[in-house]
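In our numbering, the protein residues as written are 36 to 239.
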């Protein structure tokens with residue numbers, strides 16, 4: 036029998052996966068790439084985007100402070116994932132604009148994944164991917180300099196690097212949670228299919 040708080044967690048993650056799908060499909064730079072490049076990026080980035088989105092929501096909603104929520108989360112994901120999740124929420128930046136920019140940076144980052152060992156080694160259009168990566172990094176840095184002092188901007192980037200290390204550790208432990216792996220695979224496949232259908236619709 037599923038306890039009420041577990042049902043709420045199931046609903047929470049269902050909405051999270053739906054929101055992640057919408058975020059991926061709404062990115063014009065991703066949509067403009069070839070289907071091969073999109074497929075690789077979805078497999079290298081979807082899980083990290085999903086995790087950052089979840090952590091930001093947990094931080095904003097303060098759900099992480101409710102014992103019943105933590106107990107249900109522990110039952111589903113185990114000790115290590117829960118401990119890392121609690122720690123990671125302490126590193127989340129409260130600036131929602133910076134967080135959105137970070138999500139876009141993660142989408143086009145190619146070295147923060149542990150999800151699949153069956154990826155192609157090279158992108159079909161490496162130059163375009165590189166230009167997109169640089170553009171997002173430059174826009175993010177310019178935003179931080181506009182919004183904060185140079186010192187604060189540097190500190191925020193340093194904190195982001197710390198967060199990414201915790202994210203990698205969290206992703207590593209999540210690989211042992213089979214239903215999570217299955218859900219991420221479904222997210223990737225469904226998003227990829229919807230993008231292909233969008234391409235076909237535009238041609239017609």
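Idealized CB from N, CA, C, for every residue including glycine.
Could you have a look at residue i and say whether DSSP puts it in helix, strand or coil?
i: residue 152; result: Legend: pLDDT at residue 152 = 48, less than 50; position of this residue unreliable, value from coordinates given subsequently. Coil, per DSSP.
i: residue 72; result: helix
i: residue 101; result: coil
i: residue 244; result: The requested residue 244 does not occur in the structure, where the chain is confined to residues 36 to 239.
i: residue 207; result: helix
i: residue 143; result: coil
i: residue 62; result: coil
How would you call residue i, buried or exposed, if buried means at least 16 neighbouring beta carbons within 10 angstroms?
i: residue 122; result: exposed
i: residue 57; result: exposed
i: residue 223; result: buried
i: residue 5; result: In this structure the chain extends from 36 to 239, so residue 5 is not present and cannot be described.
i: residue 44; result: buried
Residue i lies in the alpha helix (DSSP H); which residues open and close that run?
i: residue 162; result: 161-182
i: residue 221; result: 213-238
Exercise. Taking 8 Å as the threshold, find out whether the stretch 55-70 comes into contact with the stretch 157-173 through three or more Cβ pairs.
Key: yes
Exercise. Give a yes or no on contact between the stretch 90-100 and the stretch 108-124, applying the rule of three or more CB pairs nearer than 8 Å.
Key: yes
Exercise. Check whether the stretch 103-114 touches the stretch 206-215, counting contact only when three or more Cβ pairs, one atom from each stretch, lie closer than 8 Å.
Key: yes
Quiz item: Is it true that the stretch 81-92 meets the stretch 184-191, where meeting means three or more beta-carbon pairs spaced less than 8 Å apart?
Solution: no
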